[in-house]
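Mapped onto the numbering used here, the consecutive letters of the sequence shown carry residue numbers 2 to 62. C-beta: ideal position from N, C-alpha, C; glycine also. Note that this is a predicted model, so its numbers are computed, not measured.
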Amino acid sequence: LGDTGYLVEPSSPQQLAEGIQQIFQNLDVANHKGLQARELCVKYHSVDAMAAVLADVIADL
């Protein structure tokens, strides 16, 4: 997924707190990551993207 978010161990409240602090200390970076994540979601998971995948599957039948 590239650099589109922050990874923390799910069982680590300390890492989660540090991740949240990073977001608020670097809002420009966090906003940029959010835009990159949205672009990936639209590219691979939008209705149009899923329709293209389904059309390819049906064409291969």
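- When rounded, the separation of the alpha-carbon atoms in GLY3 and VAL30 is 14 Å.
- The three-state secondary structure of GLY3, taken from DSSP, is coil.
- Annotation for PRO14: the continuous alpha helix (DSSP H) segment containing it runs 14 to 26.
- In this structure the region 14 to 23 does not touch the region 32 to 42; the number of beta carbon pairs closer than 8 Å is below three.
- Going by beta carbons, ALA38 and THR5 fall inside the 8 Å limit.
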